[in-house]
Structures are given as C-alpha cells and as structure tokens.
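K.L.:
For my numbering, add 1312 to where a residue sits in the sequence shown, where the first one is 1.
This is the structure, below, for whatever I ask next.
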Amino acid sequence: MIENPGNKNDDLHQMNRSTRRSHVFFNEPDTAGLMHRAFTRSLGFDRADMNRPMIGILNTYSEMNNCHAHFPELVEAVKRGVWQAGGFPLEFPTISLGEIYLTPTSMLWRNLAAMDTEEMIRGNPMDGVVVLCGCDKTTPAAAMGVASADLPAILVSGGPMLNGHWRGQILGACTDCRRLTTEHRAGNLSAEEYAEVEENLARSRGHCMVMGTASTMNSLTEALGLSLPGNGAIPAADARRIRLAERAGRRIVALATEGLRPSRLLTRQALENAITLLCALGGSANAVVHLPAIAGRLGIDLPLDLFDEISRRTPLLVNLRPSGSYQMEDLFYAGGIPAVLRQLLPLLHGDALTVTGRTLAENVADAQIVDEDVIRSWDRPLQDEGGLAILRGNLAPSGAVIKHAAASPELLRHRGRARVFASVADLQTRIDDPALDVEPGDVLVLQNAGPVGGPGMPEVGNLPIPKKLLKQGVRDMVRISDARMSGTAFGTIVLHIAPEAAVGGPLALVRTGDEIELDVPGRRLHLRVPAEELTRRRADWRPPQPDYRRGYGKLFLDHVLQAPEGLDFDFLQGRDPVQAMAQPKF
Ligand code: FES
C-alpha cells in the first residue's frame, strides 16, 4: 500500500504533536491505539493523515433548516482549506435548529444544541473545530458550545439571503412577512398579491436578510473574535462566502497548533465590543438574551444595565431594516461588518484578540466604507443613541427590553389602559374578535409567554394589532410581555419582562383596565395600581400548569434561567476545571 506522503506543513506541527489530542489518541499503546488507527483506516485514511492535526467540521445541515441548505458546499470548502494547511478534516453532525419548522419555538432547543456542540467537541479527539451556523439559534448555540468546550474554534456562518424583489419593492425576510400580512389582514393586499409575495420573498439560500436575530448574531461573531472578518455580511449565494469557508479551514489548522482557545477570546472586553456593535447595528433584542448566555459559560457577568449604558453612548450608524432602510446585501456592498467596526473603533476595545491571531483593530485597519447612506458617519447617525433600552419599574423589577429604534416615536412616552391576554392561546382566540373592547391608546399585555410560561420564551411579543383597529388605520400600539420577538419585527414593543408571569413576576398581577405607564427616555415601566391591591392579587395568584412532565421539556422547565441570565440552564454556567480540555481520557 502506498502511504500518503504528507506535505511540508506536517513539519510545522511536529513540535506540538505530543500535546495534541489526536496525537495522543492515535498513539495510545496496545489495543486502544491499534483500534483507533485501524478503524480510521477503515474510513480510507492512512498514517500520514493521522499525523496531522485533526480538525472537526461541525455541520448543522438539515433539510428541515432552509437557512442551512447550502452547507454541504461550505463543508467541502472548509475541508479544502484544512487539507491545504496540513490538517486532517473530519465532518460531524449536531442537531440543527431551523427557525421556520420548529414549534413551539426553536429557543426551547438552543441549550440542547449548545450541549450537543460542547459534548461532541469534547468527546471526539479533534484538535480544533470549525462550526457552521447561521439560522437564529444555531449561532448563539455554537458560541456557547465552543466557549464551554474551549478548544480552538472558528465560527463560519452560512450568510444572509439576497434581497427579495416584488413589483419594484425590495422584500426582506421577515420584516415584510409581518408588514404585508398586516396589510393583507387590513384588506389592503389581495390574495393574488399575497401569493406573489410568497413567490418572491426568499429567493436564495441563506438566513433572513434584514437585521434580524440571525444577521445580528452572525455579525456579532466578528466583534466577539470568533470568526474571520467578513463573516457577518457576505451573502450566502456569493462565491466569497465559499472562499471565506476555505480560509477558515486553513486558519483553524494554525489556530489549533497555536492553542488559541475561545476562553482567551471571549473576554469581558470582547463581549462589550459585541454590545457596542449590536447598538450601532440596531440589532435584534434577542442578542440581549444570547450574549449573557455566552458570557455565563465563561463565568462573566453581563448585567442588563451594561446594555443600556453602552446603548446610550453608541450612535445607531447602520441603516438596516427593521430600524432603517437597507438589508444585509446592501451592507456587504457598503463595506460589511469590518467597515462598521472600523467606524466604531473609538468605542471599542481594539486590542481584543481574535481567531486571526491579530487584534480586532488590526483586522479592520484597511476596511473602507463604500456607501455612507448605509454605514453612516459619526456626524450623520440615524439616532444619537443605540437602538436598545433597558426598562425597570414595579412591572419589571429585574428588567425589560425595548428596541426603540424600531418603535413609534410618539409612543415612547405613553399611558394607557391594559388589555390583558393570559396566554398565547388566549391571544390567538380573542385578538380579532369584533367584540373585543380595545382602543388605539390601550396597552396590549401578554402574560405567561416567558422562559417557563411559553415555554421557551417564544417570539410572540409583537402581538398583532386587533383587526378592528387595523381597519381604522392603526399600525402600532404599546405592547408588553415576557416573551421575545423576532429581530425582524418592529413596533413599540416591550419584551423580556423579568421575572416572568409564570414564576410569579408582577406581570402576572396585571388586569384589564389597569393603567400602565411607559417612559422610554426615563427607562421606566410602571403599573399604576396601589401596592395593597397588588398584595391582594398576589395572594390569589396560582402558577400555571407545567407544559412538560418528562423528557427534555421537563429538564428545560426545571433548570432554565430567566431572561437577564440568558435562558441558559443553571448547570451549564461557568467553567468546570475537571472537564478541562487539555488532554482527553481515551
Ligand atoms: Fe433562519 Fe430566519 S428562518 S434566519
């Protein structure tokens, strides 16, 4: 048999060989080593391959996740890069969370995906890993998993879809799913036109192309130092996305040899950089859940007030829907995330280290802004403040979030009568009832849609405007809940109220007819009901019946943390020195 001769890169890795996990695995004495080598040969590889650093390629491809449809092509590109750099690539699957198909909400399984990622990295003898991600929950799950596994890792996203086009309009998934459905419900869009929208909305591979949760989290990987520059915005259908994947394959081999682990990248400074970018992008409020979860894996506290503090000092510079006018394809042509980061450098920790082995500032030193209407200059921001605010008050003692960049300015200070829905099912049953007693100035309240009550904190916080008000021309109302909302949605919507109603938070005590005060400039959310009355209501309150009594659902209900802690499981937070990755026990 003719052995693969290897290449000169093999020499590069000689000195680190004895400490490499794969080297230990393939060179175990006696039966163990024999089996490891013999069974690897059954895959068609030989000793020259086994002498190279083993690189895992974590593939979250699934036909039930449309956003990842092109991942087989990206895997091949990563493999090419790994071979070119002298590594030994092996692909492996984990669960894939597709936003469109999963019910009740993909968020229910984000922690399961993060556990799958962490444990498969820990359990297999790889020296480094490239993780493919893209759709909403897959990217935070990837970041959480690699943070806990703490093996050299690079995240490669699938990239956003191309812009949709319809009758001269640019369409965006899924800001326009909601906007045009609202117009259809209001009788302003015919069934034929609505069908045409379906045909033209999502016209390419990739994840949603407005600044929703997927675009937000994939952009933030650049600020976190977990991806190569350009990862956030290169469209999925652009060949530069394939070349980025190939570069990641080359770079991970060196990263594995250098031993640069996520725990050295995911510092408090890197997380603050991510929050600053989030605010300048007008990114998804879901990042306010995912970033604390990622930080928690490394024992870093990321309080809600830090988001507010950074948002107040960070201008909204990127003109993307749902807060602005453009979409991810336009952002890419305008210079992409590197150009945004370069613009933001005065507010960033530029010396934060990244997977390139260089600092964030070094990564973006040559980035150029090509279109100043998409990426604004400091003297022409879309808003002087970032897009997010953290609210507190007797309705949200542990905090609540509003994406005010996507809200109606005239509703940011508002008092109104509460119209309460006790659950998502109650909302769906009654919202379009012609007999519903509701006025345009009312505050729509949804209870029991949080981490435990949802369960999984579904994206239902953008309660639909009642049909009878839609017909009167109403397009926005103050809406409050303990739920999340899609990052592609818009409106004056208060989310993530904590503690949630299902665990006895004050939101559970609101009744129809109460007066609620929202004051975003004052960062206040207040229920104007006397304290004695609230005490009386609390005495009568009973928690809702749990949705799960067995299986993963029960594990979720028993261990999920509240929104400010990122909905991670309590037992997944922090680092465990006993599980350190330095050497495997084979
Ligand atoms: Fe995957 Fe929108 S459905 S990002």
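Each residue gets a CB set at the ideal place from its N, CA and C atoms; glycine is no exception.
Could you give the uninterrupted runs of the alpha helix (DSSP H) lying entirely in the segment 1757 to 1815, keeping only those of 4 residues or more?
P.N.:
Entirely contained in the segment 1757 to 1815, the alpha helix (DSSP H) runs reaching 4 residues are, in chain order, 1779 to 1782.
K.L.:
Which residue spans inside the segment 1402 to 1453 form an unbroken beta strand (DSSP E) run of at least 3?
P.N.:
Those beta strand (DSSP E) runs which fall completely within the segment 1402 to 1453 and span 3+ residues are 1440 to 1445.
K.L.:
Provide the residue(s) that pair with residue 1553 in DSSP beta bridges, ordered along the chain.
P.N.:
Bridge partners of residue 1553: none, in fact.
K.L.:
Does ligand 1 have even one heavy atom less than 8 Å from the beta-carbon of residue 1525?
P.N.:
Yes, the Cβ of residue 1525 comes within 8 Å of a heavy atom of ligand 1.
K.L.:
Distance check for residue 1542 and residue 1439, CA to CA, integer angstroms please.
P.N.:
Cα-Cα distance, rounded: 25 Å.
K.L.:
Determine whether the beta carbon atoms of residue 1403 and residue 1377 lie at a separation below 9 Å.
P.N.:
Taking 9 Å as the Cβ cut-off, residue 1403 and residue 1377 do not qualify as a contacting pair.
K.L.:
Check each candidate in 1444, 1751 and 1432 and name the one with the smallest Cα separation from residue 1409.
P.N.:
Ranking the options by Cα distance to residue 1409, first place goes to 1444.
K.L.:
Any idea if residue 1602 is buried or exposed, counting beta-carbon neighbours within 10 angstroms, 16 or more meaning buried?
P.N.:
Residue 1602 should be labelled buried.
K.L.:
State the Cα-Cα distance for the pair residue 1355 and residue 1671, rounded to the nearest angstrom.
P.N.:
Near 39 Å, if we compare the C-alpha coordinates of residue 1671 and residue 1355.
K.L.:
Assuming contact is defined by CB atoms lying nearer than 9 Å, are residue 1634 and residue 1718 in contact in what I supplied?
P.N.:
For residue 1634 and residue 1718, yes; Cβs fall inside 9 Å.
K.L.:
Any heavy atom of ligand 1 closer than 8 Å to the Cβ of residue 1447?
P.N.:
At least one heavy atom of ligand 1 is nearer than 8 Å to the Cβ of residue 1447, so yes.
K.L.:
Starting from residue 1371, follow its DSSP beta bridges and name the residues at the other end.
P.N.:
Partner(s): 1405.
K.L.:
Which stretch, first to last residue, makes up the alpha helix (DSSP H) that contains residue 1384?
P.N.:
First-last of the alpha helix (DSSP H) with residue 1384: 1383 to 1396.
K.L.:
Does residue 1827 come out as helix, strand or coil in the three-state DSSP assignment?
P.N.:
Reduced to three states, the DSSP call for residue 1827 is strand.
K.L.:
Mind reading off the beta-carbon distance from residue 1296 to residue 1417? Whole number of angstroms is fine, and I expect it under 8 Å.
P.N.:
Only positions 1313 to 1898 of the chain appear in the structure, and residue 1296 is not among them; the question remains open.
K.L.:
Taking the C-alpha atoms as reference points, what is the distance between residue 1497 and residue 1778?
P.N.:
Going from the Cα of residue 1497 to the Cα of residue 1778 covers about 10 Å.
K.L.:
Sorry if obvious, but does the Cβ on residue 1519 come closer than 8 Å to a heavy atom of ligand 1?
P.N.:
Checking the Cβ of residue 1519 against ligand 1 gives yes.
K.L.:
Bridge partners of residue 1700, per DSSP?
P.N.:
1715.
K.L.:
What residue range is occupied by the uninterrupted beta strand (DSSP E) comprising residue 1839?
P.N.:
Unbroken beta strand (DSSP E) run through residue 1839: 1836 to 1839.
K.L.:
State buried or exposed for residue 1313, treating a residue as buried only when at least 16 other CB atoms are found within 10 Å of its CB.
P.N.:
Reliability of the predicted coordinates at residue 1313 is poor, the pLDDT of 34 falling under 50, and the value obtained from them is presented with this limitation in mind. That one is exposed.
K.L.:
If distances are taken between C-alpha atoms only, which option among 1771, 1738, 1748 and 1775 comes closest to residue 1756?
P.N.:
Nearest of 1771, 1738, 1748 and 1775 to residue 1756, Cα basis: 1775.
K.L.:
Under a Cβ-count criterion, where at least 16 other Cβ atoms within 10 Å of its own Cβ denotes burial, should residue 1477 be classed as buried or exposed?
P.N.:
Exposed: under 16 other Cβ atoms inside 10 Å.
K.L.:
Going by C-alpha to C-alpha distance, which of 1600, 1639, 1609 and 1612 sits closest to residue 1620?
P.N.:
Closest by alpha carbon: 1600.
K.L.:
Can you tell which of 1347, 1382, 1629 and 1454 has the C-alpha that lies nearest to the C-alpha of residue 1609?
P.N.:
Of the listed residues, the one whose Cα sits closest to residue 1609 is 1454.
K.L.:
Per DSSP, residue 1465 forms a beta bridge with which residues?
P.N.:
Residue 1465 pairs with 1441.
K.L.:
With DSSP as the reference, label residue 1882 as helix, strand or coil.
P.N.:
In the structure shown, residue 1882 sits in a helix (DSSP, three-state: H, G or I).
K.L.:
Measuring CA to CA, which of 1746, 1707, 1806 and 1457 is closest to residue 1820?
P.N.:
Residue 1820 has its Cα closest to that of 1707, out of 1746, 1707, 1806 and 1457.
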